[in-house]
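Undergrad: Chains as they are written, first to last, in this note's numbering: chain A, 1 to 400; chain B, 1001 to 1318; chain C, 2001 to 2310. Ideal placement from N, C-alpha and C gives every residue a C-beta, glycine not left out. One structure follows; several queries about it will come next.
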Amino acid sequence: MTVNLSHKQRRALAYSIPVLSVLAALAIGAVMLVLLGANPIEGFAKMFIGAFGSVDALVSTTLKATPLLFVGVGIVIAFRANVINIGAEGQMVLGGLFATIAALYLPEMPSIIMIPVVLLAGVAGGALWGWIPGALKAYYQVNEILSTIMLNIVAVQLMNYLLRGPLIDPAEIERGTRIPQTERLAESADLPFLFGSDRLHIGPVLAVITAIAAYYLLWRTPLGYRLRAVGLSEHAARYAGIPVRRTIALALTLSGALAGLAGAVLVFGSESHRMVTDGSTTGFTGGAGFNGIVAALFGALHPIWTIPASFLFGGLLVGGQSLQRAVQVPSALIVALNGLVVVFVVAADRYRVKLLETDVRDLQILDEDAMTGGDKVSAMGSIHDRAPGGTGPFDEGGPP
Amino acid sequence: MRKRSITAIALIAVLGLIGAACSSSDSGGADFRIAIVAPSASNDLAFTQSIVDAVNTLDGVGEIAVTDGTFIVEDAAAAIRGYAAEGYDLVIAHGSQYGGSLQEIAPDFPDVSFAWGTSADTFGLDNVYSYEAASDQGGTVMGIMAAALSKNNNIGVVGPIEVGDAKLYVDGFEAGVLQQNPGATVNINYIDSFSDVALASEAAQSLISNGADVLTGTAQMVVGAVGVAKTKGVLWFGTQSNQTSLAPDIVVASQVYHWEVILKDIVDNVKKGKLGGEIYQINFANDGLVIEYNDAYDLPADVRKLGDDAVAKFKAQG
Amino acid sequence: MSEVFTTAVLVAVVASTIRLTVPLLLAALGETFGQRSGVLNLGVDGIMLLGAFTGYYVVLKTGNVWLGLLAGAIIGLALGVASAVIAVTLRAEQGISGIGIYLFGLGMSDLLFQKLVGTPIPIETFPPVRIPLLADIPFIGEMFFQHSAVIYLAFLAVPVSRFVITRTTFGMKIRAVGEYPEAADTLGVSVAGVRYATQMIGGTLAGIAGGVLAITLGIFQQNLTNGAGFIAIALVYFGAWRPIGVMAGSLLFGFVNALVLELKTLDVIPRDLSNLAAMAPAVITILALVFVARRFRAPSALTKPFARGT
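Following this line, the structure appears as structure tokens:
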């Protein structure tokens, strides 16, 4: 890297690296389109127009970005405490289920009460599904990667059981069609629309508020301090008197809670205003449990930056679908492209971090109090910047 | 300079597009455009392939657009909305899980006709058709033949999740077996997944080790079970598409969906300006359901007669 | 209930367990090498899928199952190198790059299948190998000694992996790099070199695992693995990074799956509760770890990229 770049140039270059990586991935996509006999220029034009080219497209992109942002912010919180949460898919499902059950069984109430109640039910469902691996990790040393992968399997079976049994729309049994879905949920639980639109609901606004709240939580509250301290060094945190185990469990619980909220918003903001399953987790979540992790990285593992990152990534997904419709390539291509984009962005991330690190050094912020200074680095960088000598997830509480 | 060449390329692309659009509308004067949104791959030898094949046989249709593999319900909703907005004449939502979304989308596009299956509900909307398959009829016919062919009086079924079309077929099959041989054992193994091929294969192993000498199964993951039946020399009855090609030695017959029978009606109606409001069903009476026998399998004449008689009975019912 | 516990049922469940275990075991052993050296590869499922498609396609074209398996292995090796470039050279965040590799494999294998093959066409499968004498033992023979050669080889890979990791110089380097990369580096061990090697082993085994799956089933389909790669990763944690433990975890997961299937066939599990029973493999795996674990520690440098001099 050239040393002669100015502070501003370096910063600009750093922020353009994810964009350049996306373009590089799309270039490979262009080659694949040509091989499939499709016109890549037409395809990418349709992709851009489909994602950002009209009010309708922007609405679609915003709606697609909403679960990514909820999940992404949750991922940021967990990452800050040095916990990897790959269980958001299952947590979204549980959030959706809890919210659905609340809407089905609660008495009719005015929207102003109903909506917060059902959304909180979703939060509770996701929090439960995050607390389980959190507690298992904190108190039984069960690694969270293992438990979340397994809990995703449990979640999908639970969803299928409930939707084809106890929660199924009675009309489906009457007709004999047995589609595994609930009846249309109470209208009082419909998310209100914004700006007179008939699709753009308040979900995106809630997601943005959540992101800002997470920022406040992480950097302005004692709890946030504890989460980050545990993430930087468990040993140091323990010496500082922080209850490390409880904090780890809490990190996964919070992360799950936000994924659960994403699930609830998916149900009440969906076209069908009901919960329906095709038998798979992704059929409900749209893969947001995984893509939210990517959005969090796009956003440099910072809650505020995750907002535009989710929007752009949502645009990529929505645009991919219009590309598929326009040039009629198999939708499998879009999945492969999604993967390439993730790989390219994450692989180039090191250069972005490097540029920003130099930047920070120039500004001599590192001289500040160790905790805050370190934060500024990691706030903009990725979790690579964690203090060297950080301990493995299993270091804590082993047998004497 | 670079900008200009990009503009030029874009212009050529646009012109090419217009050209392509014109040429397709010239072919046979058919400018009727159909879009299909379906959950699995269009060559899955099962549910999705049945509709794509059917639409491709229709006359008087111009452009056909397919968005397959759309098992994510909200993405399917987006595709349905997208095709409707792009002015397709008929948008087919080929998945019962899409219905709830379609109910909300269809009223926004009163000039577009939608067809939704498999289901028996048009939500009282006059621009939605619904279609379903009486797959229990074919199930019954094949169950009767399976019972007649089984020497152990033990028949196995590999199912996905006990819902929708799969449940209808399996229930019909079980009824057919018991109608032919009330003393027969029907073991039904729902593996609780539409996609786990390995588990479907093990389910077949388990059914065979428990004495089954005739098997059937439904949904796209049964390709794994057909493989096991082939290795073990156990007979197989297929459904949704003709599965003979998977194992020519042991596939006895397949219940095949011919959606074109009803799609013809739907397209004609739409052309006349009637955009929906009717519920269609494919069954033996309207030749939408057909039992396709495997010529390579030497089916005893008396069993074939049992099958034909059962079909005739359903045809007579109408 | 009495008919449930017959020898025939036991034989069927054991044989089924072994078949369900093998793809998980191979992929998990490969991932064990990677994690012992400090690299988490979440993309195993994607590599398995591309290995499965490649294996399937080569068998379809040549009719030779071993050539197919080799092709799956080669693709796996190539993707292992790619994973290493991303995780080791470019020091990418491993949890996330793996998701990218998974999505790429998921989409690409499906795309290639649709374009090169079209509808599912059955292929040759591995011939069963009856181990002389042993295969003729009543019950035991049918349970353990009438499988295909790849199944024996997969289980043979367990002691081999254990030997390599615990008894060879290369294994010592793997462990050193996974625990104390800085120290290993000071002692002249190439941290990057060792991690490249483990990623290549992991990729190859994942490719083979996919190939074994496709060629055993004799078919390919979109998302053939159905998440097996992710389960394999979980099983590495279950096995506490030890080949024997990984095998125990794979067998447990496979056994519970096989048992649930058998109980469904026998109608012991009512159909209404079928989904709840399908949770059992996942729940029991977690519970087993709650009661057994605690004694083991992850490689200290797991998921931590290494850069000399920082």
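Within its chain, find whatever has a CB closer than 8 Å to the CB of C:E2262; leave out the 5 residues flanking it on each side and keep chain order.
TA: These residues qualify, in order along the chain: V2009, A2012, V2013, S2016.
Undergrad: Within 10 Å of its beta-carbon, does A:P330 have 16 or more other beta-carbons around it, so buried, or fewer, so exposed?
TA: buried
Undergrad: Run the CB neighbour count on A:T182, radius 10 Å, all protein chains shown included, and call it buried at 16 or more, exposed below.
TA: buried
Undergrad: In chain C, what lies closer than 9 Å to A:Q324 by C-beta?
TA: The premise fails here: A:Q324 is roughly 11 Å from chain C at the closest Cβ pair, so nothing lies under 9 Å.
Undergrad: Find the residues of chain B that neighbour C:R2019, judging by a C-beta separation of less than 9 Å, and give them in chain order.
TA: For C:R2019, the chain B residues whose C-beta falls within less than 9 Å of its own C-beta are A1198, S1201, E1202, Q1205, listed in chain order.
Undergrad: Can you tell me whether B:A1296 is helix, strand or coil according to DSSP?
TA: coil
Undergrad: I'd like to know whether the C-beta atoms of C:L2067 and C:I2231 end up nearer to each other than 7 Å.
TA: no
Undergrad: Mind listing which residues of the region 198-221 of chain A have their C-beta closer than 8 Å to chain B's C-betas, in chain order?
TA: D198
Undergrad: With a threshold of 16 other CB atoms inside 10 Å of the CB of B:A1079, please say whether the residue is buried or exposed.
TA: So B:A1079 ends up on the buried side.
Undergrad: Could you have a look at A:H273 and say whether DSSP puts it in helix, strand or coil?
TA: coil
Undergrad: When you compare the CB positions of A:M150 and A:A262, do they come within less than 7 Å of one another, or not?
TA: no
Undergrad: Are the beta-carbon atoms belonging to A:V342 and C:G2100 less than 7 Å from one another?
TA: Going by C-beta atoms, A:V342 is nearer than 7 Å to C:G2100.
Undergrad: Going by the CB atoms, is the gap between C:R2091 and A:R80 shorter than 7 Å?
TA: Not closer than 7 Å, so no.
Undergrad: With 16 as the cutoff for other CB atoms within 10 Å, does A:L258 come out buried or exposed?
TA: buried
Undergrad: Excluding the 5 residues preceding and the 5 following B:N1056 in the sequence, name in chain order all residues of the same chain whose CB lies nearer than 8 Å to its CB.
TA: I1064
Undergrad: What's the gap between the Cα of B:F1237 and the Cα of B:V1256?
TA: 11 Å
Undergrad: Let's test the definition: count the other Cβ atoms within 10 Å of the Cβ of C:I2244 and tell me whether it reaches 16, buried, or not, exposed.
TA: exposed
Undergrad: Could you work out which residues of chain B lie near A:V276, taking near to mean beta carbons separated by less than 7 Å?
TA: V1073, Q1097, G1100
Undergrad: Taking the beta carbon of A:L356 as the centre, do at least 16 other beta carbons fall within 10 Å, making it buried, or is it exposed?
TA: buried
Undergrad: According to DSSP, what are the bridge partners of B:T1185?
TA: B:N1154
Undergrad: Who are the Cβ neighbours of B:L1015 in its own chain at under 8 Å, not counting the five residues just before and after it?
TA: Because the pLDDT of B:L1015 is 43, which lies under 50, any placement of that residue in the model is unreliable, and the number read from its coordinates should be weighed accordingly. Taking C-beta separations shorter than 8 Å and ignoring five residues to either side along the sequence, B:L1015 has no partners in its chain.
Undergrad: Name the chain B residues that come within less than 9 Å of C:S2016, Cβ to Cβ?
TA: Neighbours of C:S2016 on chain B, chain order: E1202, Q1205, S1206, S1209.
Undergrad: Under 8 Å by Cβ, that's how I've got C:F2104 and C:F2220 pegged, so tell me the actual separation to the nearest angstrom.
TA: Contact flag wrong, Cβ pair sits at about 17 Å.
Undergrad: If we ignore side chains and look at the alpha-carbon of each, how far apart do A:W131 and A:T247 end up?
TA: 11 Å
Undergrad: At a CB distance below 8 Å, what residues from the region 1270-1281 of chain B approach chain A? Give them in sequence order.
TA: Taking 8 Å as the Cβ-Cβ cut-off, the region 1270-1281 of chain B has no residue approaching chain A.
Undergrad: How would you list, in chain order, the residues of chain C whose beta-carbon sits under 7 Å from the beta-carbon of A:S147?
TA: I2286
Undergrad: Is the Cβ-Cβ distance between B:A1085 and B:V1091 less than 7 Å?
TA: no
Undergrad: Could you name the residues of chain A that C:S2250 contacts, counting a contact when the two beta carbons are closer than 7 Å?
TA: Result: empty, since nearest Cβ-Cβ is about 13 Å, beyond 7 Å.
Undergrad: Is C:R2142 close to chain B, meaning its C-beta is less than 7 Å from at least one C-beta of that chain?
TA: Here the sequence assigns Glu to residue 2142 of chain C, which means Arg is not the residue at that position. Output row for C:E2142: interface = no.
Undergrad: Between A:D367 and A:R352, what straight-line distance do the alpha-carbon atoms span, to the nearest angstrom?
TA: With a pLDDT of 37 at A:D367, under the threshold of 50, the modelled position of this residue cannot be trusted, and the question is left open.
Undergrad: In chain order, which alpha helix (DSSP H) runs of at least 4 residues are fully inside the region 184-267 of chain A?
TA: Whole alpha helix (DSSP H) segments, 4+ residues: 203-220, 222-232, 234-239.
Undergrad: Considering only the alpha carbon of each residue, which of C:P2159, C:V2158, C:P2127 lies closest to C:F2145?
TA: With distances taken between Cα atoms, C:F2145 lies closest to C:P2127.
Undergrad: Anyone know if the C-beta pair for B:Q1158 and C:L2217 falls short of 7 Å?
TA: A quick correction: the sequence has Val, not Gln, at residue 1158 of chain B. The answer is no: Cβ separation not under 7 Å.
Undergrad: Which residue's Cα is closest to the Cα of B:S1040: B:F1194, B:A1077, B:D1031, B:D1089?
TA: Closest by alpha carbon: B:F1194.
Undergrad: Is B:V1037 helix, strand or coil by DSSP?
TA: strand
Undergrad: Under 7 Å between C-beta atoms, does B:A1093 make it to chain A?
TA: no
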